[in-house]
Amino acid sequence: MEKPFTFQLISGQFLPTDGTQILLSLINSKIKYHSLENFSSEIRFDNVNSNSKMRIEALQEASNVVTVLAAEAQKSGMRMQISSIVTITLVS
284 MEKPFTFQLI SGQFLPTDGT QILLSLINSK IKYHSLENFS SEIRFDNVNS NSKMRIEALQ
344 EASNVVTVLA AEAQKSGMRM QISSIVTITL VS
């Protein structure tokens with residue numbers, strides 16, 4: 284097995300509006316992906332994709348938390364420190 288590839292996707296301090304925009308864009312993109320996966324499963328197999336449904340729920344919760352944290356940061360005059368590392372490992 285090869286060494287995993289890792290890269291920094293997000294790193295920095297952001298104003299609450301900017302941090303929220305970055306995070307919600309990523310989260311909404313993932314929600315859209317899983318919604319399409321579920322829709323495809325329902326059309327092709329007449330079956331709900333339970334994994335996609337669970338991911339959508341978790342991502343919606345994350346979206347709510349990000350919104351609350353951003354509002355708290357905005358109210359307190361604080362910035363958001365955001366860090367996200369992506370690791371890709373090839374598996375068989």
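Here this note's numbering = 1-based position in the sequence shown + 283. The C-beta atom is built at its ideal place from N, Cα and C for all residues, glycine as well.
Asked, Found
"Which same chain residues, not among the five before or five after N311, have their C-beta less than 8 Å away from its C-beta?", "S346"
"For L292, report the span of its beta strand (DSSP E) as first-last.", "288-297"
"Using DSSP with H/G/I as helix, E/B as strand and the rest coil, what is T300?", "helix"
"What does the alpha-carbon distance come out to for the pair E320 and Q296?", "33 Å"
"Could you pull out every residue in the same chain whose Cβ sits closer than 7 Å to the Cβ of Q291, ignoring the five residues on either side in sequence?", "I368"
"In chain order, what residues of the same chain have a beta carbon less than 8 Å from the beta carbon of Q343, not counting five sequence neighbours either side?", "I314"
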